[in-house]
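Heads up: the sequence lines are chains A and B, in that order.
With my numbering, letter number 469 in the first sequence gets 469, and the count goes up by one each step, no holes.
Throughout, my numbering is defined as the position within the second sequence, counted from one, plus 1000.
We treat Cβ as the ideally placed atom computed from N, Cα and C, and that holds for glycine.
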Amino acid sequence: MGQEESRAGARETEEEVRLKPDTTGRSRAAVLALAAVLAAAIAYDLWRMPVQASDALTEVLDAQASPSIATSFGHAIGTTSYLRPLRIAQIKALFDLAQGRNYRLVYRGFHALLIVLLIWLFVRALPIESPLDAAAAAVALTVLIGLHTFLGFLREAFPINHFLEIAVLVLVALNLTLSNGGLPRAGSRGWIIDLLAGLTFVFAALTLESGVLIWVVIAAAWFLGLRGVSARGLGFVTALMAGYFVLRFWYLETGLPSLTERTSGFLLERLEPSEIQQRFGDRPLVFYAYNIVASFLSVLFSEPRDGLFVATRAWRGGDVHPQAYLTVLSSTAMTLTMAWAALRWWRGGSTLGRSGRRAVIAVVILAANAALSFSYTKDDIIAVAGVFYAFAAFATIRAVLEYAQAGGAVRGLVVSVILLALGSAWAMRGSGVHHVMNEHAFRTRNDWAELPIRWQQEGRWPKEPQPLALIERLRDQALQAEVPNPQLLPEWRSQWYGD
Amino acid sequence: MVRRLTIAAAALPAAVLGVLTAGMLLRAVVGTHPLWRVEPVNLSEAAALRDPATVVQLIRRGEDPYQRREVRADLLFNDRAELTAFEAAIASGRAEVMETILWSVPPPGPAEWNRLRCLSKLQETDDIDEVLDRYKPESATLECSSVTRPWK
């Protein structure tokens, strides 16, 4: 059956190409050019931002104290609640790579590289073979960088942004399923693809819990007929997944995060761990269900944020900034358009096209990613689903364009106005990334300025010369960074872009 | 015609974003990125603008927080003002800036400490009171009857 779906997919691809051929590849080149510009601008922002101080410094100091990458890896196994040994090992590896000097180059450079990879892999996974595809992809790119979850890829507090890393690895897996036109390869190349899928899973799962989404994307793609990763590869990754669960829950008894790990948003308030325990200690399933639903809604409507209904709270308090309207309304409009496109496809009874398959994978990833957020909800955790929301946006805009082109001039004009408004809102959101990076850089630099005072007051200031020298070096680099003061910027920027 | 119009309408906002972003990148190459342009400030202005990192940098470069400097109009008050960095921190109500300055320079003598503490009291900035109390010279006593704000 799967093979037939793959063949059906291949046939459909040929038909679509025949309809609007773009043999020169100009449409894909145009989208790649846009993606390159957007990625370069964000990479530049990252480069201007100092290495984080808050949670990052402790881990960098741990890396300094660790004798080797293997030791860092080993120490991270056997802890409770989390199994993330490769996360710590990577921080150590980059620390060693910096050779005592180039910390900003290494950590910031790696961050910028990951962002470029994310955007490139996203475009690579889009089927762009006509100007219509290119237009839909252009909107999808603004959705990718404009959605609030994308900001989690940029301002995470740790030395390496592991949520971004997982998103990149999930996109690697998606691209593997799309390889060879979504058909399994014979011979050694097929084995290599399947092996790469397995390695991607292992690397991701041992970095963060969200790494299990690699299995989700490969399995969902396989069932939809995208079988660049073969049945053998899916079996291999499934076995690795089973092994991961055995290792985590049976052999190491790592378990899951408890109810009181951290503060969490709940409806209109932020709850401290003790309050969470008090309210949900005897009925944790209610709290878990809230987190899953909140994560789901967050991607679809940009509300709630980190579990908290911030726009609703601002509206009740009579202090709504334009940014709240922009984010909630643009997300709601896009999600409703997605629902319309899905309904139209359902009623039409047609087969899933290439873009439609990506949209279905997006729905599966959203459900799985929301489920993984059960213990606490945070925009960063749901960020992989945010990337796939942009795939769904691509399929949706494509469907809207096809609908417009199948009708008369009036329909075309109405749809054009709607698309212009929707696209403008998302482009506005996308342009806000740079402002948020400005704000974050300003805060990070000030964190470094205040760090010695704070750590000395908290009794955390080290006494040994090596960590002191490292802190001074990082602090000097951060203080020397040229960062604009957001208070000297026009007020409209914070009103429209937030912080 | 309609086909081109709908495609153009969908792609136009992203294309405009791309062109503007490319422009920013070109300006970054020559060091004038519009969003990363840093406006020079003096030590008192940095303190008024809640920027402890720049405060530390300027003190490292030799600027004296006890010296009065111009704080431009609309940064802190509607009119320009002549303030020390300490006074600017009190006027803007930023305890972390006050702490950063005190941590970075020799502590004030009893008379200056008394004046700053009284200014903070006048401004009702309790968190700055706490910071100043931590840096209180042993011989200092609080006497505020003759202390007035150096700003309007």
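Query, Result
"Would you verify that the beta carbon of Gly-412 (chain A) is, or is not, closer than 7 Å to some beta carbon of chain B?", "yes"
"Tell me the start and end of each unbroken beta strand (DSSP E) in the region 1073-1140 of chain B that is at least 3 residues and wholly inside, in chain order.", "1081-1083"
"Reducing DSSP to helix, strand and coil, say where Val-1071 (chain B) ends up.", "strand"
"Grab me the residues of Pro-85 (chain A)'s own chain with a C-beta within less than 6 Å of its C-beta, minus the 5 sequence neighbours each way, in chain order.", "Phe-73, Ala-76, Ile-77 and Leu-206"
"Relative to the C-alpha of Ser-1120 (chain B), which residue among B:Trp-1103, B:Pro-1106 and B:Trp-1151 is closest?", "B:Trp-1151"
"With DSSP run on the structure shown, which of helix, strand or coil describes Glu-269 (chain A)?", "strand"
"Less than 7 Å between the beta carbons of Leu-117 (chain A) and Val-168 (chain A), yes or no?", "yes"
"Is there a Cβ from chain B that is less than 7 Å from the Cβ of Ser-424 (chain A)?", "yes"
"Report the partner residues of Arg-460 (chain A) according to the DSSP bridge assignment.", "DSSP, once it has assigned bridges, lists no residue as partnering Arg-460 (chain A)."
"Relative to the alpha-carbon of Leu-141 (chain A), which residue among A:Val-387, A:Trp-496 and A:Thr-444 has its alpha-carbon at the smallest distance?", "A:Val-387"
"Would you say Gly-1018 (chain B) reaches chain A, if we count a Cβ-Cβ gap shorter than 7 Å as a contact?", "yes"
"Counting Cβ pairs, one atom from each stretch, are 3 or more of them under 8 Å apart for the region 158-172 of chain A and the region 405-425 of chain A?", "no"
"Consider the Cβ of Asn-446 (chain A): report whether some Cβ of chain B lies at a distance smaller than 7 Å.", "yes"
"Leaving out the 5 sequence neighbours to the left and right, which residues in its chain are closer than 6 Å to Leu-174 (chain A) when beta-carbon positions are compared?", "Ala-125 and Val-217"
"Could you give the distance in angstroms between the alpha-carbon of Leu-105 (chain A) and the alpha-carbon of Ala-98 (chain A)?", "8 Å"
"Please report the residue range of the alpha helix (DSSP H) in which Ile-77 (chain A) lies.", "First-last for Ile-77 (chain A): undefined, no H or E at that position."
"By a C-beta neighbour count over all protein chains shown, 10 Å radius and 16 as the cutoff for buried, is Pro-1040 (chain B) buried or exposed?", "exposed"
"Taking the alpha-carbon positions, what's the Ala-481 (chain A) to Trp-47 (chain A) distance?", "10 Å"
"With which residues is Leu-308 (chain A) paired in a DSSP beta bridge?", "A:Leu-267 and A:Arg-305"
"Could you tell me the alpha carbon to alpha carbon distance between Phe-266 (chain A) and Tyr-290 (chain A), rounded to whole angstroms?", "8 Å"
"Got a sec: which bits of the region 119-149 of chain A sit with their beta carbon under 8 Å from any beta carbon on chain B, in order along the chain?", "Pro-131, Leu-132, Ala-134, Ala-135, Ala-136, Ala-138, Val-139, Leu-141 and Thr-142"
"Locate the alpha helix (DSSP H) running through Ala-41 (chain A), then write down its first and last residues.", "26-48"
"From Leu-213 (chain A) to Asn-369 (chain A), what distance separates their C-alpha atoms?", "7 Å"
"I want to check one thing, is the minimum distance from the CB of Arg-443 (chain A) to the heavy atoms of the ligand ATP below 6 Å?", "For the ligand ATP, the structure offers nothing, since it holds no ligand at all."
"Check whether the Cβ atoms of Val-328 (chain A) and Ser-302 (chain A) sit closer than 7 Å, and answer yes or no.", "yes"
"Of all Cβ atoms in chain A, is any one closer than 7 Å to the Cβ of Val-1030 (chain B)?", "no"
"Should Val-410 (chain A) be labelled buried (16 or more other beta-carbon atoms within 10 Å of its own) or exposed?", "exposed"
"One question on the structure: do Thr-177 (chain A) and Gly-235 (chain A) come within less than 7 Å of each other, judged by their Cβ atoms?", "no"
"At which residues does the alpha helix (DSSP H) containing Asp-1051 (chain B) begin and terminate?", "Counting along the chain, Asp-1051 (chain B) falls outside any alpha helix (DSSP H), and DSSP gives it neither H nor E."
"Measure the Cβ-Cβ separation of Phe-201 (chain A) and Leu-240 (chain A) and say whether it is below 7 Å.", "yes"
"Can you tell me where the alpha helix (DSSP H) with Gln-495 (chain A) in it begins and where it stops?", "491-497"
"Could you give the distance in angstroms between the alpha-carbon of Gly-1167 (chain B) and the alpha-carbon of Arg-460 (chain A)?", "As displayed, chain B neither begins before 1001 nor continues past 1152, which places residue 1167 (chain B) out of reach and without an answer."
"Pop quiz: Glu-129 (chain A) and Ser-27 (chain A) are said to be a contact at Cβ under 8 Å. What is the actual Cβ separation, rounded to whole angstroms?", "7 Å"
"Measuring only the C-alpha atoms, how far is Met-338 (chain A) from Thr-396 (chain A)?", "5 Å"
"Taking 8 Å as the threshold, find out whether the region 343-355 of chain A comes into contact with the region 315-335 of chain A through three or more Cβ pairs.", "no"
"Could you tell me which chain A residues have their CB closer than 7 Å to the CB of Val-1105 (chain B), listed as they occur along the chain?", "Neighbours of Val-1105 (chain B) on chain A: none; closest Cβ ~13 Å, over 7 Å."
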